[in-house]
Amino acid sequence: SLISSLWQVDDQATHDLMVDFYSNRKTMPKDESLRQAQIKVKQKYPHPFYWAAFLLTGNAL
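Just remember that our numbering sits 880 ahead of the position in the sequence shown, which is counted from 1.
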């Protein structure tokens with residue numbers, strides 16, 4: 881599986897999202913981990929530029 885971004889995203893927003901993603905992976909599949917990380921980042925950075933660029937490709941489990 882691969883998480884990629886569709887455009888260049890702010891470093892701090894990306895950092896926050898990835899920290900949350902890997903923390904979520906302890907209890908969730910990859911697709912839900914990414915979704916929950918995006919929801920959390922969206923609270924701090926509401927504009928889609930900061931959280932909507934990320935795409936999970938491959939096995940979601």
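We treat Cβ as the ideally placed atom computed from N, Cα and C, and that holds for glycine.
Unbroken alpha helix (DSSP H) run spanning residue i, endpoints
i: S903; result: 891-904
i: L914; result: 910-924
Local conformation of residue i per DSSP, three classes
i: S881; result: coil
Proximity below 8 Å, CB of residue i to CB of residue j
i: A942; j: S881; result: Outside the shown range of the chain, which is 881 to 941, sits residue 942, and nothing can be said about it.
i: W900; j: Y930; result: Sequence check: residue 900 is Asp here, not Trp. Cβ distance not < 8 Å, so D900 and Y930 don't count as in contact.
Expected contact under 8 Å - CB spacing of residue i and residue j to nearest Å
i: K910; j: L935; result: With a Cβ gap of about 12 Å, K910 and L935 do not count as contacting.
i: K922; j: D896; result: That belief does not hold up - the Cβ atoms of K922 and D896 are roughly 11 Å apart, past 8 Å.
Extent of the continuous beta strand (DSSP E) to which residue i belongs
i: L935; result: 934-937
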